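Quick notes on the structure that follows.
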Amino acid sequence: MKKRTSAAERALFYCTECGNESPKWFGKCPRCHAWNTAVEASPDSIGRSRVASRAGRGGYASPAAAPVKLDAIEVGAEDRWTSGIGELDRVLGGGLVPGSLVLIGGDPGVGKSTLALGLASALARQRRAVLYVTGEESPRQTKMRAERLALKDPDLPLYVQAEVELGAIVAQADALTPALLVIDSIQTLFTSDVDAAPGSVSQVRECGLRLLRLAKERSLPILLIGHVTKDGAVAGPRTLEHMVDAVLYLEGDRHHGYRILSAAKNRFGSTHEIGVFEMRGDGLIEVANPSERLLRERGEPAPGSVIVASIEGTRPLLVELQALVAPTHFANPQRVAQGVDPRRLSVVIAVLEKRAGLSLAGADVFVNVAGGIRLEEPAADLGLALALASSLRDKPVPPDRIAVGEIGLGGELRPVPQLARRLAEAKRLGFRSAIVPRRSLEDAPASGRAFAVHTAASLAEAIAQAMGE
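Per the working numbering, residue 1021 is the first one in the sequence shown, and the count goes up by one each step.
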């Protein structure tokens, strides 16, 4: 006769968010409606995990954080550590803040570990001790990357630990008392208090929360490296992005040498700043003047090429926007955009057809931003429209002219902010004219021989000026 399994021996599934138990696996918790929070464990281990979890989730002060009157809290200027990597410090808001938890995400091979090791070595050169924890590589592999980055000083206080158990990492941090802790990566860590595999939702959430407490209690800046999913978000729970102080993304086409570092969240600075790096054999090298570097690779003037002046944070950025309009051989014309939002491209094409009288219904449209840069602000609309019109009519836009302006659905040109800074950067790089919205004329510098400012009230008028009609 088959022995019946007791209830104490049967495995259960429980939700790591609300503790809801179920005899079978569930994708969405029926109680709290959270996704991917089901963990399989025995009833006894569920109880132990809950007790350990509650014991390790206290406040930032021990044994408990007492309430403080708002007026009694002393607030001063944030103490920042400048790493010496100007592009990284720009994105962080001026430097690394002690006690901050920073998350860096990006595609595999884009340079996350190289950037983290570069930051660690920069602080180590300032005689600040750094603990670099690697859960994916051996210490020998990390040493090989350090040699590629020319880190051969034997006196650097840079320590490497190959460990994935969170308790051992915290113990080593207590012994070394480093100025910076680097975790590469957060998906490899685990704690024995949670019955789940490393990289699971519950493990990533619990390890992230404990590292947050470690950073706040000891004013220790911690840098986390995270993998990304297919849609570009950091793998693991979205709560990990909410609990950290800054979320940075390192992006770039692997076929291009440039990498863009941007901030999706920053509690200590702006999220509009970007850092530009170039991937070389000796690591990531910061690009101090990205506009000049990107335009240096521009080819001969051709139809469909327009220079666009964009603002990224506090820095104007001039990039080349290329468009190719060709007859289609398919029932549905192709719309391919690289570096531009495809939905924005569809809007510009519709306005061109409806308001400017250009027919693109029977043509394939290909758009590319040179250098792997991504344009997101609406000020690039006019340049995109002029590039499409130039390719369609096979007439080039003058190579010494830039375009700045937002396009409305009625075909009107809307003003853009910080126009004077955009035009000043264009003038500095040798451009001689610009096409801007007429309503931005009060923000534009006076037109002269060295630099002429042409204004237009509508898209059709701007196309006529750009084509010399």
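We treat Cβ as the ideally placed atom computed from N, Cα and C, and that holds for glycine. In this text, all values refer to a predicted model and were calculated from it rather than measured experimentally.
Same chain, Cβ closer than 6 Å to residue i, neighbours up to 5 away in sequence not counted
i: T1134; result: G1303, L1304
i: A1502; result: One cannot answer for residue 1502 here, as it falls past the ends of the chain, which runs 1021 to 1489.
i: S1073; result: Here the model assigns S1073 a pLDDT of 45, short of 50, so the residue's position is not dependable, and the following value carries that caveat. Nothing meets the Cβ criterion.
i: G1392; result: G1272, D1273, H1276, Y1278
i: L1244; result: L1123, I1203, I1206
i: L1116; result: W1101, P1241
i: D1139; result: Here residue 1139 turns out to be Leu, not Asp, going by the sequence shown. Once the five neighbours on either side are set aside, the close Cβ partners of L1139 are S1103.
i: Q1438; result: I1331
Backbone secondary structure at residue i - three-state DSSP
i: G1155; result: coil
i: L1378; result: coil
i: K1285; result: strand
i: C1035; result: strand
i: T1291; result: coil
i: E1373; result: helix
i: E1397; result: coil
i: S1042; result: strand
i: I1455; result: strand
i: L1433; result: strand
i: I1206; result: helix
i: V1130; result: coil
i: V1417; result: coil
Extent of the continuous alpha helix (DSSP H) to which residue i belongs
i: G1187; result: 1186-1196
i: G1495; result: No statement about residue 1495 is possible, as the shown extent of the chain runs from 1021 to 1489 and does not include it.
i: P1353; result: First-last for P1353: undefined, no H or E at that position.
i: Q1485; result: 1479-1486
i: Q1277; result: Sequence check: residue 1277 is Gly here, not Gln. Counting along the chain, G1277 falls outside any alpha helix (DSSP H), and DSSP gives it neither H nor E.
i: H1017; result: Residue 1017 lies beyond the residue range present for the chain, which begins at 1021 and ends at 1489; the question has no answer from this structure.
i: A1092; result: It is not in any alpha helix (DSSP H) - A1092 carries neither H nor E in the DSSP assignment.
i: S1490; result: Lying before the first or after the last residue shown, residue 1490 is absent from the chain, which here runs from 1021 to 1489.
Those residues which DSSP pairs with residue i across a bridge
i: R1335; result: E1332
i: P1347; result: A1383
i: I1124; result: I1245, L1268
i: I1422; result: I1327, A1454
i: H1474; result: I1455
i: E1298; result: Y1278, I1305
i: L1201; result: L1151, I1242
i: Q1342; result: S1325, N1388
i: Q1358; result: N1388
Residue i classed as buried or exposed, judged by whether at least 16 other C-beta atoms fall within 10 angstroms
i: S1103; result: buried
i: A1283; result: buried
i: V1214; result: buried
i: A1477; result: exposed
i: P1198; result: buried
i: P1457; result: buried
i: F1350; result: exposed
i: V1345; result: buried
i: Q1342; result: buried
Spatial neighbours of residue i in its chain, beta-carbon cut-off 7 Å, leaving aside the 5 residues before and after
i: L1196; result: A1149, L1151, Y1179
i: S1379; result: E1373
i: A1188; result: none
i: G1126; result: K1132, V1248, Y1269, L1270, E1271
i: Q1192; result: L1151, Q1181
i: D1109; result: T1102, S1103, G1115
Same chain, Cβ closer than 8 Å to residue i, five either side skipped, listed in chain order
i: L1365; result: R1355, A1357, V1385, V1387, L1404
i: A1081; result: Note that A1081 has pLDDT 46, beneath the 50 cutoff, so the model's placement of it is unreliable and no number is given.
i: C1227; result: L1186, I1206, L1209, F1210, T1211
Bounding residues of the beta strand (DSSP E) (the contiguous stretch that carries residue i)
i: A1182; result: 1178-1182
i: E1306; result: 1303-1306
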